[in-house]
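Asker:
Residue numbers (full-length UniProt numbering): 1 to 104.
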């Protein structure tokens, strides 16, 4: 397994762990308040690239997510594309000419 694959796996595991920690906190609340709380927290504090990866994981089966996270996902803002997620935080990918230019 390459270093990149290790990183992807660990990032995915971290997202699951973070989402489940949020859900664990809200399990002590009434059900509707818990669902709303999980969604609100993720919407406020997770940047679009994190939410994009979160939805990629849910769309491919969502294994290991707490059921409160899965239910709250209907209320979480879904970034439309990778580029939109990047642009929302001010990141612009270099064009072909810029990326091909020699580095000094």
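For every residue, glycine included, the Cβ atom is placed at its ideal position computed from N, Cα and C.
Under the rule that 16 or more other beta-carbon atoms within 10 Å means buried, what is residue 24, buried or exposed?
Answerer: By the neighbour-count rule (16 or more Cβ atoms within 10 Å), residue 24 is not buried but exposed.
Asker: Hey, quick one: how far does the alpha helix (DSSP H) through residue 80 stretch, first residue to last?
Answerer: Segment: none, residue 80 is in no alpha helix (DSSP H) and carries neither H nor E.
Asker: Please state whether the Cβ-Cβ distance between residue 39 and residue 17 is less than 8 Å.
Answerer: No, the pair does not count as a contact, with Cβ atoms beyond the cut-off.
Asker: Please report the straight-line C-alpha distance between residue 35 and residue 70, rounded to a whole angstrom.
Answerer: Roughly 9 Å separates the two Cα atoms.
Asker: Report the three-state DSSP secondary structure of residue 73 (helix, strand or coil).
Answerer: Looking at residue 73 - three-state DSSP - the assignment turns out to be helix.
Asker: For residue 48, count neighbouring Cβ atoms within 10 angstroms of its own Cβ and tell me buried if that reaches 16, exposed if not.
Answerer: Its Cβ being crowded by 16 or more others within 10 Å, residue 48 is buried.
Asker: Tell me which residues share the same chain as residue 37 and place their Cβ nearer than 6 Å to its Cβ, disregarding the 5 neighbours each side in the sequence.
Answerer: Cβ within range, chain order: 26.
Asker: As a quick exercise: from 14, 59, 67, pick the residue whose alpha carbon is nearest that of residue 46.
Answerer: Of 14, 59, 67, the residue nearest in Cα terms is 14.
Asker: Is the Cβ-Cβ distance between residue 59 and residue 20 less than 8 Å?
Answerer: Cβ distance not < 8 Å, so residue 59 and residue 20 don't count as in contact.
Asker: What would DSSP say about residue 30, mapped onto helix, strand or coil?
Answerer: Residue state, collapsed to three classes: coil.
Asker: Should residue 57 and residue 29 be called a contact, given that it needs their Cβ atoms to be closer than 8 Å?
Answerer: Not closer than 8 Å, so no.
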